[in-house]
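**Student:**
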Amino acid sequence: FQTNPITRETVPPYVRNAFLAAWDRSFFTDARVFQEQCGNPVMDMVTRSLIPREITYIARLRDAVFRLELSLRLDREEIFTLWLNTLSFYHGVCGVDAAARFYFGKGAAELDLGEAAMLAATPFMPRYTPLTNPELAIQRRDYVLHMMHREGMITQSEHDKALAGPCAVIVVPKQGTSSGPAPRLNN
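Our numbering puts the first residue of the sequence shown at 3, with every later residue one more than the last.
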């Protein structure tokens, strides 16, 4: 699937904020020492996506060393961007840009607020993908929009407009595969 990794300059603020609202609202504002954030959702997910998962004491120690090294080499914005580029969106799709192209037929920078919220609801929750369960995908999108509004990331007007907007999932087949008709999600 042809995709371009996003950068902090190319991802719209509402795409970034949708993922923050869905997964870790305090990622950029938490005053705790960053290296000690072993329970930080974004750091947990980056670690899981980049190193094999084992449940042993040695693996947990390796994870902690990896987190420390990552936090010493990259700032929070770089870690967050790395996370967005390595997220699994199921159906063989990895990264926000690839997911935007797969589900909506456009790059992450072109997503509207409702589409960004729907994508933010998808990682690590296969039951919320628009292909798996369209109704749950809409409910989760609405939750993400509510959290964005509650956290002051969007205005009431933007919230209401995104809730009322259509949820048209296009689903672009990956190269060498075919896909049936795309589901049309209606509010």
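The beta carbon of each residue, even a glycine, is placed where N, CA and C say it ideally should be. All values derive from a computational prediction rather than experimental measurement.
Touch check for the region 101–111 and the region 144–151: three-plus C-beta pairs under 8 Å?
**Tutor:** Counting Cβ pairs under 8 Å, fewer than three are found: no touch.
**Student:** Quick one: grab the DSSP three-state call for residue 28.
**Tutor:** Position 26 of the sequence shown holds residue 28. The answer is coil: DSSP assigns residue 28 none of H, G, I, E or B.
**Student:** Just how far apart, CA to CA, sit residue 76 and residue 84?
**Tutor:** Here residue 76 refers to the residue found at position 74 when the sequence shown is read from its first residue. Here residue 84 refers to the residue found at position 82 when the sequence shown is read from its first residue. Those two C-alpha atoms are separated by around 10 Å.
**Student:** With burial defined as no fewer than 16 other Cβ atoms inside 10 Å of the residue's Cβ, what is the status of residue 94: buried or exposed?
**Tutor:** Position 92 of the sequence shown holds residue 94. Exposed: under 16 other Cβ atoms inside 10 Å.
**Student:** Please report the straight-line C-alpha distance between residue 69 and residue 110, rounded to a whole angstrom.
**Tutor:** The sequence position of residue 69 within the sequence shown is 67, counting from 1. The sequence position of residue 110 within the sequence shown is 108, counting from 1. Roughly 27 Å between the two C-alpha positions.
**Student:** Classify residue 123 as helix, strand or coil using the three-state DSSP reduction.
**Tutor:** Numbered from 1 along the sequence shown, position 121 holds the residue referred to as residue 123. Coil at residue 123, not helix or strand.
**Student:** Going by other Cβ atoms of all chains shown within 10 Å of its Cβ, with 16 needed for buried, is residue 35 buried or exposed?
**Tutor:** Taking the sequence shown and counting its residues from 1, the one referred to as residue 35 is at position 33. Residue confidence for residue 35 is low, a pLDDT of 41 falling below 50, so the modelled location carries little weight and cannot support an answer.
**Student:** Is there contact here, the region 155–173 with the region 113–121, by at least three beta-carbon pairs under 8 Å?
**Tutor:** These segments touch.
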